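2 protein chains.
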Amino acid sequence: MPYYIAVYDVNQKRVGKMLKLFRRYLTWIQNSVFEGELTISQHKRLQTEAESIIEDADSVIFYQLRDELYLERQVLGIEKANKSRFL
Amino acid sequence: MPYYIAVYDVNQKRVGKMLKLFRRYLTWIQNSVFEGELTISQHKRLQTEAESIIEDADSVIFYQLRDELYLERQVLGIEKANKSRFL
Numbered sequence: 001m002p003y004y005i006a007v008y009d010v011n012q013k014r015v016g017k018m019l020k021l022f023r024r025y026l027t028w029i030q031n032s033v034f035e036g037e038l039t040i041s042q043h044k045r046l047q048t049e050a051e052s053i054i055e056d057a058d059s060v061i062f063y064q065l066r067d068e069l070y071l072e073r074q075v076l077g078i079e080k081a082n083k084s085r086f087l
Numbered sequence: 101m102p103y104y105i106a107v108y109d110v111n112q113k114r115v116g117k118m119l120k121l122f123r124r125y126l127t128w129i130q131n132s133v134f135e136g137e138l139t140i141s142q143h144k145r146l147q148t149e150a151e152s153i154i155e156d157a158d159s160v161i162f163y164q165l166r167d168e169l170y171l172e173r174q175v176l177g178i179e180k181a182n183k184s185r186f187l
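Chains A and B are the protein sequences, given in the same order.
One point on numbering: in the numbering used here, the residue at position 26 of the first sequence is 26, and numbering is uninterrupted.
One point on numbering: in the numbering used here, the residue at position 36 of the second sequence is 136, and numbering is uninterrupted.
If you want it as C-alpha cells, here you go:
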C-alpha cells in the first residue's frame with residue numbers, strides 16, 4: 001500500500017484543525033509531521049479535506065512512496081511518537 | 101546518491117541554530133522540513149553537528165531514500181521553497 005509522509009505549514013489559527021484532520025488518517029510523528037499507509041481513496045479524502053481548510057500562505061506536502069520498504073528512518077534525540085515499528 | 105527528507109522539532113531556543121545548520125546541507129522546504137541529496141560523509145557530518153546541538157526533548161528525523169526517484173511529491177497550497185525541480 002502507498003506509504004505517506006505528510007507535513008504542513010499553516011497559520012496558527014488552523015493548526016488545531018489540521019492536527020485533528022491528519023490524526024484521523026495518519027500517525028503523528030513530531031511537530032507537523034505525520035506518517036502512514038493510505039489507500040488511494042483515503043488519500044483523496046484527506047487531500048480534499050485538507051484543501052478545504054488551507055488558506056492564504058498555508059502549505060501541505062505529501063511525500064508518497066510505493067512502499068514503506070523504500071524508506072530508512074533515522075531518529076536523533078527523542079522519539080516523540082509511540083509507533084510500534086520503532087520498538 | 102541517497103536522498104533525504106529531514107525534519108526537526110526542537111526547542112525555540114535552538115531553532116535558529118538548526119535552521120542555519122540544515123540550510124548548509126539541504127534545501128529548505130517549509131517550516132522545519134528540508135530535502136536534498138547527501139553523500140554518506142555529508143550525512144555523517146550533518147548528523148554529528150545536529151547531535152551536538154540537540155538537548156532535552158529535541159528530535160531530528162532523517163528519512164533516507166536510495167534515490168529521489170522513489171518519491172512522489174504533492175503540494176497543496178503555497179509552494180514555500182523555490183526549488184528548480186518544482187518549476
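Positions of the beta carbon are idealized from the N, C-alpha and C atoms, including for glycine.
Quick caveat: nothing in here was measured; it's all calculated off a predicted structure.
### Task
Just the C-alpha distance for B:D109 and B:S159, rounded to the nearest angstrom, thanks.
On the second sequence, residue 109 of chain B is found 9 positions in, with the first residue counted as 1. On the second sequence, residue 159 of chain B is found 59 positions in, with the first residue counted as 1. Pairing B:D109 with B:S159, the inter-Cα distance amounts to about 5 angstroms.
### Task
Starting from the Cα of A:L76, find the closest Cα among B:S132, B:E155, B:V175, B:K113 and give me that residue.
The sequence position of residue 76 of chain A within the first sequence is 76, counting from 1. Looking at the Cα atoms, B:E155 is the closest of the given residues.
### Message
Within 8 angstroms of any Cβ in chain B, is that where the Cβ of A:S41 sits?
### Response
Position 41 of the first sequence, counted from the start, is the residue given in the question as residue 41 of chain A. No, its Cβ sits nowhere closer than 8 angstroms to a Cβ of chain B.
### Task
List the DSSP bridge partners of A:D9.
Translated into positions along the first sequence, residue 9 of chain A becomes position 9. Paired residues: A:S59.
### Query
Just to confirm, are A:R66 and A:P2 a CB contact at a threshold of 8 angstroms?
Residue numbering aside, residue 66 of chain A sits at position 66 when the first sequence is read from its first letter. Residue numbering aside, residue 2 of chain A sits at position 2 when the first sequence is read from its first letter. Closer than 8 angstroms, so yes.
### Query
Along the chain, where does the beta strand (DSSP E) that runs through B:T127 open and close?
Taking the second sequence and counting its residues from 1, the one referred to as residue 127 of chain B is at position 27. Run containing B:T127: 127-130, per the beta strand (DSSP E) assignment.
### Closer than 9 angstroms at the beta carbon, the chain B residues around A:E51
Reading the first sequence from its first residue, position 51 is the one you call residue 51 of chain A. Going along chain B in sequence order, the residues near A:E51 (Cβ under 9 angstroms) are L176, G177.
### Message
My assumption, with CB atoms under 8 angstroms, is that A:Q64 sits in contact with A:Y4. Please give the rounded CB distance.
### Response
As a first step, residue 64 of chain A is located in the first sequence; it is residue number 64 there, counting from the start. As a first step, residue 4 of chain A is located in the first sequence; it is residue number 4 there, counting from the start. Right, the Cβ-Cβ distance comes to about 6 angstroms (below 8 angstroms), so this counts as a contact.
### Task
Report the rounded CA-to-CA distance for B:Q142 versus B:F162, giving the unit in angstroms.
The count along the second sequence starts at 1 and reaches residue 142 of chain B at position 42. The count along the second sequence starts at 1 and reaches residue 162 of chain B at position 62. A direct Cα-Cα distance of roughly 13 angstroms separates B:Q142 from B:F162.
### Query
So the beta strand (DSSP E) A:R73 belongs to, where does it begin and stop?
As a first step, residue 73 of chain A is located in the first sequence; it is residue number 73 there, counting from the start. Residues 71-77.
#### Entry: Closest Cα partner of A:R23 within the set A:A50, A:Q12, A:E68
The sequence position of residue 23 of chain A within the first sequence is 23, counting from 1. Nearest C-alpha to A:R23: A:A50.
### Message
Just verifying my parser: in three-state terms, what is the DSSP assignment at B:L165?
### Response
For the purposes of this step, residue 165 of chain B is taken as the residue at position 65 of the second sequence. Strand, per DSSP.
### Task
Since I believe B:V115 is in contact with A:V33 (beta carbons under 8 angstroms), could you give me their beta-carbon distance rounded to a whole number of angstroms?
Position 33 of the first sequence, counted from the start, is the residue given in the question as residue 33 of chain A. Position 15 of the second sequence, counted from the start, is the residue given in the question as residue 115 of chain B. Between A:V33 and B:V115 the beta-carbon gap is near 15 angstroms, outside 8 angstroms, which marks them as no contact.
### Query
Tell me which same chain residues have a C-beta within less than 8 angstroms of the C-beta of B:N111, skipping the five on either side of it?
Start at 1 with the first residue of the second sequence, and residue 111 of chain B comes out as number 11. E155, D156, A157, D158.
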